[in-house]
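According to our numbering, numbering within the sequence shown proceeds without interruption in unit steps and concludes at 317.
We put the beta carbon where it would ideally sit given N, CA and C, even for glycine.
As the structure is a prediction and not an experimental result, all values here were calculated from the model.
Comments concern the structure below.
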Amino acid sequence: MNLWLHIGSPKTGSSSIQDLLFANRKTLSKSGLGYLTPGPQQASANRLAAAIGGRNKHDPVKVADACFARAGQAALTDLILSSEEFYLEDPVKVAEILAPHATAHDAQVHIVLYLRRQDLFVDSFYSQRRKTGRFRGSLRDFILSLASRELNYAAIVQMWRAAFPQAVVHLRRFERPRFPNGDLVSDFMQAIGHPGLEDTCERPQSLNPSPNRDVIALMDMLADTGRFNTTRIYRLMERQGLPDTGARKSFVEDATRTTLLNHYAKGNEALRAAFFPDEDSLFDMTGPTPDTRPETTFTPEQISLLKGLIGAISKA
């Protein structure tokens, strides 16, 4: 038995993988794959990751039990737990919760980790946190909050290896030209030893577009009132479709990109040598194309009007 622990990282297409695995549980089980989530309506193991980190009210032991309840329902050879939020948690705590289940199933643990070049990760993750109101500070403050851990990929890999000393670590680069036919799900299936199985699966539509700065500005105005669930509002807007107003999406300037990549160059080189010794670098170091669009298309008068309108609605 193999236990595949897909730990993200954030902003590397985890939702696309999870949506396909969740939508095709029955099909996958016929090929020996068991996709484990805490409940029939949950497409990922995010609740388990949050429980382990103390970020919800659930008992992590009970949530893990619920995940593994499906493991004995069929003749399975591979079990999959997937949450990008595992990346943000303490691997030691994750190991403590999963150890009894790995032992009970005599499972070889495999850790699948997708990494995105640090500057691109910051740009995408900062936008995500801002759009949902989970981070309200500056880009500099955001980078500093991640600098010692989340952006230090070499240290992250070492932490997971220390917590799971018998596990096999599968390091993947979130760069679409590296995927079979540019398809992330195909790359994941290849990583877990079932190449091509995705071709037998239904492909659900995954919605997770990157908002531009106009959208971020609107979400900030809503959050400033303290009266709205900005995460829920954004998700409803996302389902309706976000128009392209012509504003910039990127937050990271070229100088910051250079600083980030230089700072983590030594660790990235260590990972390249360990996992990809025949390649010249860990990541593709070209691009991105500079985003020359305006930071916002709102005029000062429009911003003032919107703030006044949102403020009035919050009090109505």
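Item: From the DSSP secondary-structure annotation, give me the bridge partner or partners of Arg141.; Value: Paired residues: none, contrary to the question.
Item: Under three-state DSSP, which class holds Val93?; Value: helix
Item: Please determine, among Ser17, Asp120, Leu243 and Leu77, the residue with the shortest C-alpha to C-alpha distance to Thr259.; Value: Asp120
Item: Could you tell me which residues DSSP puts in a beta bridge with Asp255?; Value: BP columns for Asp255 are empty, so no partner.
Item: Just how far apart, CA to CA, sit Leu262 and Ser305?; Value: 38 Å
Item: According to DSSP, which residues form a beta bridge with Trp5?; Value: Ile81 and His111
Item: Let's test the definition: count the other Cβ atoms within 10 Å of the Cβ of Asp107 and tell me whether it reaches 16, buried, or not, exposed.; Value: exposed
Item: Going by beta carbon distance, what residues of the same chain come within less than 7 Å of Asn230, once the five residues before and after it are set aside?; Value: none
Item: May I ask which residues mark the beginning and end of the alpha helix (DSSP H) holding Gly242?; Value: Where Gly242 is concerned, there is no enclosing alpha helix (DSSP H), given that its DSSP letter is neither H nor E.
Item: Output the distance between the C-alpha atoms of Ala156 and Glu176, rounded to the nearest integer angstrom.; Value: 21 Å
Item: If you run the structure through DSSP and keep just helix, strand and coil, what is Tyr36?; Value: strand
Item: Would you list the one or two residues that DSSP bridges to Leu172?; Value: Leu114
Item: Hey, how far is the Cα of Asp292 from the Cα of Ala248?; Value: 10 Å
Item: Sort Gln19, Leu29 and Ile314 by Cα distance to Met222 and report the nearest one.; Value: Ile314
Item: Which residues bound the alpha helix (DSSP H) around Ile193?; Value: Per DSSP, Ile193 belongs to no alpha helix (DSSP H) and is neither H nor E.
Item: Measure the Cβ-Cβ separation of Leu283 and Ser32 and say whether it is below 7 Å.; Value: no
Item: With distance defined between alpha-carbon atoms, name the residue in Leu89, Ala50, Glu86 and Pro41 nearest to Ala70.; Value: Pro41
Item: Determine, using beta-carbon pairs with one atom in the segment 77-88 and one in the segment 19-38, whether at least three such pairs fall under 8 Å.; Value: yes
Item: Buried or exposed for Val93, please, with buried defined as at least 16 other CB atoms from any protein chain shown within 10 angstroms of its CB.; Value: exposed
Item: Can you name, in chain order, every residue of its own chain whose Cβ lies under 6 Å from the Cβ of Asn269, other than the five neighbours on each side?; Value: Leu283
Item: Using beta-carbon positions only, say whether Val216 and Asp124 come within less than 7 Å of one another.; Value: no
Item: Could you check whether the segment 80-89 touches the segment 7-16, counting it as contact only if at least three pairs of C-beta atoms, one from each stretch, sit closer than 8 Å?; Value: yes
Item: Would you mind listing the alpha helix (DSSP H) stretches within the segment 121-166 that are 4+ residues and don't spill past its ends, in chain order?; Value: 140-147 and 154-164
Item: Identify whether Phe283 lies in helix, strand or coil by the three-state DSSP scheme.; Value: The sequence shown places Leu at residue 283, not Phe. In this structure, Leu283 counts as coil in the three-state DSSP scheme.
Item: In chain order, what residues of the same chain lie with their CB nearer than 7 Å to the CB of Ala24, ignoring the 5 residues before and after it?; Value: Glu203 and Pro205
Item: Within 8 Å, do at least three Cβ pairs link the segment 225-240 to the segment 273-289?; Value: no
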